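Encoded as structure tokens, the structure appears first; notes follow it.
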């Protein structure tokens, strides 16, 4: 989905059913977010076409930019109504561009962005489908808020503590989500989220340890060196890779192709494991390796723990795709 030049342009792109429910939903949610904790978070709140922000004249632009970055690149369900962005920005001192840290609420999901890097492209925002009952909201929000990495920066701007900032955001989001749920109950408009296996392209934006061969970006030289060092044949299409380099430049890690898994530990020889001989049920994570029926698959020692099960699942998918 390409960026929209205005919020009204996006509304025009929606289906007729989404357009019909938009005005009633906005009225319901706006009524709820203007009570309770609005004053405490007014500086962090940005809404469509906003003209009454207490600090920023460009609030509508801030909202649109947040929408284009948090929702548009990777919608959870699509055809969603964006309601507000709640968050702040951090400045990249190299590019001098601002990056969002916060939450974008739509009528179907809550999108969260807390990734930040000076040198690499940011991960896609994480999307969470909204609960269908009010009783589910506390658990839904507590889980998401406990994982959010931006509370320190938020607390500095709000001049409170990270715990206080988190509780204020929970108290703010709760009535808004309640209003959305009530709207869906009246109109039968909540849609079911059916998870699909994310593409390597999507995962590479979420996990910096993964390299997408179709769009390697700054990892292009590293990938090319790994393909050469691992002696990957030219007739095997690379599905994904995760490699690191030693201080003298030799790559190690994993390269997965349409036919095999190539793996190399630091200072060791490359091991090739044909996908047709691998058993998905044998795969399990053991430290910086993935055990398989054909031996150990070596991962970069720098790989984030959260990425390891993703790599295991991608290997599993490669095996299944190869064996049919």
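In my numbering, the protein residues as written are 537 to 860.
In this text, a Cβ means the ideal position worked out from N, Cα and C, and glycines have one as well.
Small disclaimer: the values here were computed from a predicted structure and weren't measured.
Please classify residue 809: is it buried, with 16 or more other beta-carbons within 10 angstroms of its beta-carbon, or exposed? buried
To the nearest angstrom, how far is it from the Cα of residue 545 to the Cα of residue 582? 18 Å
Straight-line CA distance for residue 799 to residue 741? 22 Å
At which residues does the alpha helix (DSSP H) containing residue 549 begin and terminate? 543 to 549
Touch test, the region 595 to 609 against the region 631 to 645, Cβ-Cβ under 8 Å, three pairs minimum: yes
If you draw a straight line from the C-alpha of residue 737 to the C-alpha of residue 715, how long is it? 35 Å
Taking just the CA atoms, how far does residue 541 sit from residue 791? 40 Å
Residue ranges of each beta strand (DSSP E) within the region 818 to 854, 3 or longer: 820 to 822, 825 to 828, 831 to 834
Work out the CA separation of residue 620 and residue 704 for me, nearest whole Å. 16 Å
How should residue 648 be labelled, buried or exposed, when 16 other C-beta atoms within 10 angstroms of its C-beta is the threshold for buried? buried
Specify, as a first and last residue, the run of the beta strand (DSSP E) that residue 622 falls within. 618 to 627
Could you spell out where the alpha helix (DSSP H) holding residue 753 opens and where it closes? Premise fails: residue 753 is in no alpha helix (DSSP H) and is neither H nor E.
As assigned by DSSP and simplified to three states, the class of residue 663: strand
When we look at the beta-carbon of residue 553 and count the other beta-carbons within 10 Å, is it buried (16 or more) or exposed? exposed
With DSSP as the reference, please indicate the residues paired to residue 789 in a beta bridge. 779, 800
For residue 557, which residues of its own chain have a beta-carbon under 8 Å away from its beta-carbon, when the five flanking residues on both sides are left out? 617, 643, 719, 723, 725
If I measure Cβ to Cβ from residue 596 and keep anything under 6 Å in the same chain, skipping five residues before and after, which residues do I get? 585, 586
Contacting residues, own chain, Cβ-Cβ under 7 Å from residue 729 (five flanking each side not counted): 612, 613, 665
Rounding to the nearest angstrom, what Cα-Cα distance links residue 700 and residue 672 in this structure? 22 Å
DSSP state of residue 642 mapped onto helix, strand, coil: strand
Pair every Cβ in the region 671 to 691 with every Cβ in the region 743 to 751, then say whether three or more of these pairs are closer than 8 Å. no
Sort 851, 848, 651, 555 by Cα distance to residue 628 and report the nearest one. 651
Going by C-alpha to C-alpha distance, which of 772, 662, 632, 564 sits closest to residue 609? 662
When you compare each of 702, 576, 824 to residue 789 by their alpha carbons, which one comes out closest? 824
Where residue 684 falls: helix, strand or coil (DSSP): coil
Determine the burial state of residue 833: buried for a count of at least 16 other Cβ atoms within 10 Å of its Cβ, exposed for fewer. buried
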